[in-house]
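Asks: Numbering (the numbering used here), first residue to last: 34 to 325.
Sharing a structure here in structure tokens format.
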């Protein structure tokens with residue numbers, strides 16, 4: 034069989050998380066920066082591909098957006114980068130006693146910081162490419178509309194969408210532990226990411242590109258005119274709303290979705306040592322020693 038069993042995948046996942054806590058701060062910053070950029074590459078490509086697909090219907094546009102955006106996670110899982118949302122699976126090793134809470138939080142802090150730096154830096158550099166003026170500034174207008182929509186969510190909406198999003202992202206990463214080859218890992222990444230994007234859920238690291246990108250696009254000549262948004266909506270796209278109305282609730286939702294619904298449930302199902310398992314292991318050792 035060209036894949037691991039669920040039990041083997043769970044063990045692979047735990048071993049990978051134990052390896053993560055051994056990374057130095059410099060490594061976490063470097064690999065986290067790359068992951069932020071990889072997600073931004075996918076997000077930017079999806080924005081370009083779908084900025085003028087509205088005539089084909091909102092549902093098809095979301096499907097196309099998710100399909101292109103999924104390349105970001107494909108690059109992360111196949112190139113060994115560190116993505117904060119996927120690292121929610123470290124909770125599996127934590128509750129199994131293989132890593133400490135302090136080691137978990139240390140990784141999350143540095144990786145989240147590096148992801149943010151990478152994604153925001155990518156968004157800033159995009160401003161200087163002049164590409165927001167593409168197609169009579171409709172590309173920049175689309176980026177601005179995405180940002181305006183996201184900061185317009187209520188705290189509860191952003192939080193719950195964050196839960197569902199990282200449930201799917203961590204399922205995608207978990208399936209990558211099931212897979213044995215690059216193509217299978219790409220397929221796993223595609224399924225999870227395409228589904229969460231098509232469902233309009235919220236991903237914290239992706240939003241660290243989308244929201245600054247929309248904010249920077251607002252200052253590109255012709256974008257505001259092409260967007261045709263009311264001034265009161267344009268005014269909502271600012272750093273305060275980006276951080277408070279979106280990044281914070283979405284990040285908290287992402288943590289809950291990944292740790293509880295994937296790491297927690299799969300730890301309970303496949304990793305934890307039940308009393309029966311412990312007795313079985315002891316009996317096996319005794320039998321082996323006695324040559325039975």
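In this text, a Cβ means the ideal position worked out from N, Cα and C, and glycines have one as well.
#1: Roughly how many whole angstroms lie between the Cα atoms of residue 299 and residue 122?
#2: Quick check: residue 184 and residue 132, are their CB atoms within less than 9 Å of each other?
#3: Please work out which residues of its chain come closer than 7 Å, Cβ to Cβ, to residue 51, disregarding the five sequence neighbours upstream and downstream, and give them in chain order.
#4: Name the DSSP bridge partner or partners of residue 36?
#5: Using a threshold of 9 Å, state whether the C-beta atoms of residue 155 and residue 57 are closer than that.
#6: Determine the closest residue to residue 100 out of 89, 274, 78, with distance taken between C-alpha atoms.
#7: Closest by CA to residue 199, which one among 228, 43, 182?
#8: Check the Cβ-Cβ distances between residue 172 and every residue of chain D, and say whether any is below 9 Å.
#9: For residue 87, which residues of its own chain have a beta-carbon under 7 Å away from its beta-carbon, when the five flanking residues on both sides are left out?
#10: Taking the alpha-carbon positions, what's the residue 83 to residue 301 distance?
#11: Can you tell which of 65, 193, 188, 128 has the C-alpha that lies nearest to the C-alpha of residue 119?
#12: Rounded to a whole number of angstroms, what is the C-alpha to C-alpha distance between residue 308 and residue 128?
Replies: Inspection of the coordinates gives the following:
#1: On the chain shown, residue 299 is found 266 positions in, with the first residue counted as 1. On the chain shown, residue 122 is found 89 positions in, with the first residue counted as 1. So the two alpha carbons sit approximately 10 Å from each other.
#2: As a first step, residue 184 is located in the chain shown; it is residue number 151 there, counting from the start. As a first step, residue 132 is located in the chain shown; it is residue number 99 there, counting from the start. No; because the gap between Cβ atoms is not below 9 Å, this pair is not in contact.
#3: By 1-based counting over the chain shown, the position of residue 51 is 18. 126, 131, 132, listed in sequence order.
#4: Looking up residue 36 in the chain shown gives position 3. Its beta-bridge partners are 212.
#5: Along the chain shown, one-based indexing puts residue 155 at 122. Along the chain shown, one-based indexing puts residue 57 at 24. Contact flag unset, no.
#6: Within the chain shown, residue 100 is the residue found at index 67, counting from 1. The shortest Cα separation from residue 100 among 89, 274, 78 belongs to 78.
#7: To locate residue 199, count along the chain shown from 1; it is residue 166. Closest in alpha carbon position to residue 199, among 228, 43, 182, is 228.
#8: Included in the structure is just one protein chain, with no chain D present.
#9: In the chain shown, counting from the first residue as 1, residue 87 sits at position 54. If we look at residue 87 and ignore the five residues flanking it on each side, its Cβ neighbours are 94.
#10: Residue numbering aside, residue 83 sits at position 50 when the chain shown is read from its first letter. Residue numbering aside, residue 301 sits at position 268 when the chain shown is read from its first letter. For residue 83 and residue 301, the distance between alpha carbons rounds to 40 Å.
#11: Along the chain shown, read from residue 1 onward, the residue named residue 119 stands at position 86. Relative to the Cα of residue 119, the nearest Cα in the group 65, 193, 188, 128 belongs to 65.
#12: On the chain shown, residue 308 is found 275 positions in, with the first residue counted as 1. On the chain shown, residue 128 is found 95 positions in, with the first residue counted as 1. Its pLDDT being 44, under 50, residue 308 is placed unreliably in this model, and the value from its coordinates should be taken loosely. Cα-Cα distance, rounded: 17 Å.
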